Amino acid sequence: MELTTVWFVLIAVLWTGYFVLEGFDFGVGILLPVLGRGEAERGIIVKTIGPVWDGNEVWLLVAGGATFAAFPEWYATLFSGFYLPLFLILLALIARGVALEYRSKSDSTRGWDRTFFWGSLGPAFLWGVAFANIVRGVPLDADHEYTGTLLTLLNPFALFGGLATLLLFTLHGAIFLALRTTGELRRGATRTAKSLSPVTILVVMAFLLAAGGGGRPVWWTAVTLVALGLIGALAATLRGRDGWAFTASALAVVAVVAALFTGLWPNVLPALDPANSLTVTNAASTPYTLTVMTWVAVIFTPVVLAYQAWTYWVFRRRLTGPSDVSIGPPDAGPSSLTSVDAR
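Sequential numbering from -11 applies to the sequence shown in the numbering used here.
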């Protein structure tokens, strides 16, 4: 396998990790005003992601750095053409991080909670807009410079992609909250997941079919896994199997990213005029750069994965709200996150 292919796959894996982990973070923030009926419940909701949210964002930093190093032409065109949407995402992520850190240090948390909500909803929608434009194609000239405007990026297909990721991440967050909480919070999260699932399945599947993948078998496999994951998440939620529901939801997010990148290959940024498209060949760094990066990835990637897995293991227990009565742990499937202990 050529190194350009290896790094295309690795970048897809990094985006997959980001959307699986940060996706439920976004969902938790979006659902904060919906499920948090009082200050105590909102505090418990925030604590479900408190130990891990910043680690989840590392995947985005590494994905951006890997793109810059492995495919500098792709990075340059993407970040210049998509400058304003990406800048808005950055501002939202900064505001969201500040809200999470400062809400516990303030006498009134409502302002910070609103910031957390909008800082989660904005990226959840805008990432869908960005990736919908990437797979659809954008106007590029012969020098691979973006020639469109902001309104070009806000086309109906891109907005539909934003709705798809918004629903997907909100559902993912609801299932995560059902897994990490007890009592009324868990019941509310479960009801939300049940309500969101049908419309999420419809919108996400419609978006992927509209995006297309050239009829490749691997693309159809990924799309099928998306459907199975979302349906499986709903079925497990209906049966009270929170662990299985989260596993199925995570599988759906993984399959969505796989479908988008599979449909993209061998392009990294298609142009409306195919002759001007950026591909894994004309956007790549030199073979020497890719070789050095590959050795660095081989050495350090397992270390990072082991550390993050250990973090999730340490903070694996459910959080119990102050108003919850003593209840027994439900059957939550394969995950060890099912212990009903306050931590």
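C-beta: ideal position from N, C-alpha, C; glycine also.
Just so you know, these numbers come straight off a predicted model, no measurement behind them.
- In this structure, the CA atom of Val123 is about 16 Å from the CA atom of Phe67.
- Closest in alpha carbon position to Gly17, among Ile33, Trp3 and Tyr6, is Ile33.
- DSSP places Val256 inside the beta strand (DSSP E), whose first and last residues are Asn255 to Leu257.
- The stretch 131 to 147 and the stretch 221 to 231 do not touch, with fewer than 3 CB-CB distances between them shorter than 8 Å.
- In the DSSP assignment, Thr170 forms no beta bridge with any residue.
- DSSP, read as helix, strand or coil, puts Leu260 in coil.
- With respect to the 7 Å criterion, Leu138 and Leu72 are classified as neighbours on the basis of their beta carbons.
- Between the stretch 284 to 293 and the stretch 75 to 91, the count of C-beta pairs closer than 8 Å stays below three; the two stretches do not touch.
- Shown here, Val126 sits in a strand according to DSSP, grouped into three states.
- For the stretch 214 to 280, the full-length alpha helix (DSSP H) segments reaching 4 residues or more read 230 to 252 along the chain.
- Remark: C-beta atoms of Ala210 and Ala240 do not approach each other more closely than 7 Å.
- Scanning the stretch 29 to 58 for uninterrupted alpha helix (DSSP H) segments of 4 residues or longer gives 41 to 58, listed from N- to C-terminal end.
- With a 10 Å radius around the Cβ and a threshold of 16 neighbouring Cβ atoms, Ala51 comes out buried.
- Judged by their CB atoms, Val256 and Trp3 are not nearer to each other than the 7 Å cut-off.
- Straight-line spacing of the CA atoms in Glu133 and Thr65 works out to 6 Å.
- Following the DSSP letters along the chain, one finds Thr140 inside the alpha helix (DSSP H) bounded by residues Leu138 to Leu141.
- With a cutoff of 7 Å on beta-carbon distance, Thr(-7) and Ala272 are scored as not near each other.
- Sequence-distant Cβ neighbours of Ala246 in its own chain, meaning closer than 6 Å and more than five residues away, are Ala210.
- By the criterion of a C-beta distance shorter than 8 Å, Arg91 is surrounded in its chain by Val34, Thr97, Trp100, Asp101 and Phe104, once the five residues flanking it on both sides are discounted.
- DSSP links Tyr6 through a beta bridge to no other residue.
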